[in-house]
Amino acid sequence: CFLVCSCPVSAPVLSFHVGSGCRDPHSFTQAIADCRRVFEMGRGVGHDMSLLDIGGGFPGVEGSEPEFEEMARAINAALAQDFPEGAGIEVIAEPGCFYAASVCVAAVNIIAKKAVLQPGGHRKLLYYLSDGHHGTFRDLLREPYPRVPTVVKELCSKPPLFPCILYGPTCTAFDKLFNEEVQLPELDVGDWLIFPSMGAYSAALSSTFNGFLPASICYIVGPELRNLLETAS
């Protein structure tokens, strides 16, 4: 979406946002090209257009495709073509998620477990976790694919994997971490799962729905996380 705004003491500003978690560099390329045409239209009717805000949506989750560098190359190429240096246009961005995502990990405890027998004798595992959609994981349902968490447990080199559904603790139909199943080994009540890159839209969107308190925040560095979880167990 695009927004043109102005006030009596400043020049009109053109801004757009391609959407959080954008994974298509062409979205930025097309939006920047469209902005050039809007700038031309604005100047044609007497507005001194001089500021472009390209918004956010930059990937901040570890392992995202495309990576931030690929997205940046596409943006820089589009800006060089449509808003080259010397054109008198100031360009700003809003990379909040990119900076915030990687600084936090979410550690959740399995508080209940259920095995469901599928046709053909296959098993599906339902894990109920200490945090869920109404807490830290509210934003994950918007992602196009589920994140596979890290299991904090000593396992054999190639443990068998099962289709798993991850639920939160509130016992509501919406309290699922993902719409899709994830492949995980069979775990036990009390085991821990780690979700990296959880610093954006997590604590800020969490609630105390059904009386569950927000997740506790602990400050750690690298290997200290495993020691903390072993102590908590």
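The numbering of the sequence shown is the working numbering, which starts it at 3 and goes up by one. For every residue, glycine included, the Cβ atom is placed at its ideal position computed from N, Cα and C. Since this is a predicted model, take the numbers as computed values, not measurements.
Neighbour-count burial assignment, residue i, 16 or more Cβ in a 10 Å radius
{"i": "P61", "result": "buried"}
{"i": "G134", "result": "buried"}
{"i": "E42", "result": "exposed"}
{"i": "V184", "result": "buried"}
{"i": "D190", "result": "exposed"}
{"i": "H136", "result": "buried"}
{"i": "R140", "result": "buried"}
{"i": "P86", "result": "exposed"}
Expected contact under 8 Å - CB spacing of residue i and residue j to nearest Å
{"i": "G59", "j": "H19", "result": "6 Å"}
{"i": "A102", "j": "A202", "result": "4 Å"}
{"i": "V107", "j": "P216", "result": "The pair is not a contact, with the Cβ atoms about 16 Å apart (cut-off 8 Å)."}
{"i": "I91", "j": "S132", "result": "Actually they are not in contact, since the Cβ atoms of I91 and S132 sit about 49 Å apart, beyond 8 Å."}
Alpha helix (DSSP H) segment containing residue i, residue limits
{"i": "L81", "result": "70-84"}
{"i": "E42", "result": "27-46"}
Residue i versus residue j: straight-line alpha-carbon distance, rounded
{"i": "G23", "j": "I77", "result": "15 Å"}
{"i": "V150", "j": "G213", "result": "28 Å"}
{"i": "C9", "j": "V15", "result": "Low confidence applies here, because C9 scores a pLDDT of 45, under 50, leaving its location unreliable; read the following figure in that light. Approximately 9 Å, taken between the alpha carbons."}
{"i": "S159", "j": "L186", "result": "14 Å"}
{"i": "V153", "j": "V118", "result": "21 Å"}
{"i": "R75", "j": "T172", "result": "43 Å"}
{"i": "A34", "j": "A95", "result": "Note that residue 34 corresponds to Ile in the displayed sequence, not to Ala. Whole-angstrom Cα-Cα distance: 12 Å."}
{"i": "V11", "j": "L207", "result": "The pLDDT assigned to V11 is 40, lower than 50, so where the model puts this residue is not dependable, and the model offers no usable value."}
Residue span of the beta strand (DSSP E) that contains residue i, given as start and end
{"i": "I196", "result": "194-197"}
{"i": "R125", "result": "125-131"}
{"i": "V153", "result": "152-154"}
Residues bridged to residue i [DSSP beta-bridge criterion]
{"i": "E92", "result": "L53"}
{"i": "N111", "result": "W194"}
{"i": "A117", "result": "L127"}
{"i": "C166", "result": "L127, V184"}
{"i": "K178", "result": "Y169"}
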